[in-house]
Amino acid sequence: TDIRLFGKPESFVTRRMGVALAFDDDVDTARRHAVEAAGRVTPRVD
Numbered sequence: 042t043d044i045r046l047f048g049k050p051e052s053f054v055t056r057r058m059g060v061a062l063a064f065d066d067d068v069d070t071a072r073r074h075a076v077e078a079a080g081r082v083t084p085r086v087d
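With the working numbering applied, the sequence shown corresponds to residues 42 to 87, in that order.
Here is the structure:
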């Protein structure tokens with residue numbers, strides 16, 4: 042499982058700022074791992 046952040050300088054509601062990638066022999070398991078990884082990302086406002 043890998044989280045890749047794009048490093049964009051500005052964000053807004055519909056803009057993708059990164060992706061969560063997961064690999065497994067079973068697609069459903071890989072998807073579940075990716076969703077879990079994405080859920081661990083917490084956006085913050087500086």
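The C-beta atom is built at its ideal place from N, Cα and C for all residues, glycine as well.
Remember, it's a predicted structure, so these values are computed and weren't measured experimentally.
Rounded distance between the beta-carbons of residue j and residue i, thought under 8 Å
{"i": "Ile44", "j": "Val82", "result": "6 Å"}
Simplified DSSP state of residue i, which is helix, strand or coil
{"i": "Val54", "result": "coil"}
{"i": "Asp66", "result": "coil"}
{"i": "Val76", "result": "helix"}
Alpha carbon of residue i to alpha carbon of residue j, nearest angstrom
{"i": "Phe64", "j": "Ala78", "result": "12 Å"}
{"i": "Phe47", "j": "Val86", "result": "17 Å"}
{"i": "Arg19", "j": "Asp66", "result": "Lying outside 42 to 87, the shown extent of the chain, residue 19 is not represented and no answer is given."}
{"i": "Ala61", "j": "Thr42", "result": "7 Å"}
{"i": "His74", "j": "Phe53", "result": "26 Å"}
{"i": "Asp69", "j": "Gly59", "result": "21 Å"}
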